[in-house]
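Okay, structure first, notes after.
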Amino acid sequence: MFSLTTLLLVLVLFKVIYERWVTPLSQVPGPFVNSISGLRMRYHMMRGTLPEELLRLHRKYGPIVRVSPQRVSVSDIAMVKQVLGSHTYAKSQSYEMPRGTEPNVFSTRSPELSTERRKQLGPSFSHKHLGEMEPRVLECGVRNVHRKIDDLIARSGSSIVVPYYTWFSLIALDVIGALGFGQSFHALDTEAHELIPLITRIRVFNYFALAFPWLKHIASMLGPRLTTLAKLKAFGQSAIDSRRADPVPTVDLLQKMLDVGRDG
442 MFSLTTLLLV LVLFKVIYER WVTPLSQVPG PFVNSISGLR MRYHMMRGTL PEELLRLHRK
502 YGPIVRVSPQ RVSVSDIAMV KQVLGSHTYA KSQSYEMPRG TEPNVFSTRS PELSTERRKQ
562 LGPSFSHKHL GEMEPRVLEC GVRNVHRKID DLIARSGSSI VVPYYTWFSL IALDVIGALG
622 FGQSFHALDT EAHELIPLIT RIRVFNYFAL AFPWLKHIAS MLGPRLTTLA KLKAFGQSAI
682 DSRRADPVPT VDLLQKMLDV GRDG
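With the first letter of the sequence shown counted as 1, position 56 gets the number 497 in our numbering; the numbers rise by one all the way through.
Here it is in structure tokens:
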């Protein structure tokens with residue numbers, strides 16, 4: 442008579458054999474451990490070293506690498522375009538947003554909603570519209586950086602150390618504010634804004650949810666996340682209300698989305 446331990450060992454052995462040599466993905470190159478477990482990838486995700494690990498794997502195994510029993514990583518540009526440009530390749534459940542969060546063009550698994558959102562957002566990213574917004578992007582980006590560097594050098598009287606990662610994150614926030622919220626956040630100038638800690642918390646949660654999807658919906662109901670989402674929604678609604686009350690037309694992404702909503 443088999444003991445429980447023996448039964449578990451048999452099940453584990455069956456899973457290893459099935460995942461490594463039977464499934465369709467068994468033909469995809471990659472480390473042996475990745476074919477039977479996703480723990481290695483989750484480890485790198487939680488450490489923030491996943492990009493470096495994927496780069497190492499692609500250099501060793503080629504453009505398609507098996508990174509877990511049910512996942513592959515693709516580095517070939519033509520293949521990436523083929524996958525992202527067709528609804529034939531459905532997104533996995535890991536893209537699903539946690540409870541209380543509306544799906545967006547990046548997270549939705551619905552081809553209909555994805556097509557609708559792309560049609561709504563498409564005109565905002567045309568060459569004509571991007572050209573109209575370019576002066577605001579330059580003002581929040583390059584010109585603002587030049588002013589900050591000149592100011593810091595003038596204060597120090599010599600050279601300065603530029604924290605590139607922090608600055609580029611702040612510049613991105615300023616550009617998003619100018620184009621998506623109708624206001625400058627002045628994040629680079631002050632190196633602080635009420636949105637920064639809120640966005641950081643959501644990013645940490647989303648990364649955690651991606652690494653451990655089975656805990657996503659449970660963790661999404663925790664008080665800190667709900668409070669953070671409520672503050673972000675309130676900030677966005679305030680920007681919308683201010684724009685609707687402004688009689689002067691503005692060319693940006695916020696206005697384009699409001700126009701789409703008004704036109705149905």
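Even for Gly, the Cβ is constructed at its ideal location relative to N, Cα and C.
All figures in this text were calculated on a predicted structure; none of them were measured in a lab.
Residue 634 is a Cβ neighbour of residue 614, given a cutoff of 8 Å. Between the stretch 595-607 and the stretch 555-575 there are fewer than three inter-stretch CB-CB distances shorter than 8 Å, so the stretches are not counted as touching. A distance below 8 Å separates the beta carbons of residue 642 and residue 665.
The continuous alpha helix (DSSP H) containing residue 683 extends over residues 664-686. Nearest neighbour of residue 608 by Cα position, chosen from 476, 631, 595 and 483, turns out to be 631. Residue 507 has 513 as its beta-bridge partners, per DSSP. Here residue 619 is buried, its C-beta having at least 16 other C-beta atoms within 10 Å. Burial check for residue 492: the Cβ neighbour count within 10 Å stays below 16, so the residue is exposed. Rounded to the nearest angstrom, the gap between the Cα atoms of residue 468 and residue 462 is 8 Å. The beta carbons of residue 682 and residue 574 sit no closer together than 8 Å. Approximately 14 Å separates the beta-carbon atoms of residue 611 and residue 593; this is outside 8 Å, ruling out the contact. Three or more beta-carbon pairs drawn from the stretch 524-539 and the stretch 650-661 are found closer than 8 Å, and the two stretches are therefore classed as touching. Our two residues, residue 638 and residue 690, have alpha carbons roughly 31 Å apart in a direct line.
For the pair residue 504 and residue 476, the CB atoms are not nearer than the 8 Å cut-off. The C-beta distance from residue 465 to residue 507 rounds to 11 Å, too long to meet the 8 Å contact threshold. Per DSSP, residue 625 is not a residue of any alpha helix (DSSP H), being assigned neither H nor E. Inter-residue distance for residue 579 and residue 659 is about 42 Å (C-alpha atoms, whole angstroms). Across the structure, residue 486 and residue 685 are spaced so that their CA atoms are roughly 41 Å apart. Under the three-state reduction of DSSP output, residue 532 falls in the coil class, being neither helix nor strand.
Counting every other CB atom within 10 Å of its CB across the protein chains shown gives residue 527 a total below 16, marking it as exposed. With respect to residue 550, residue 531 sits close: the two C-beta atoms are nearer than 8 Å.
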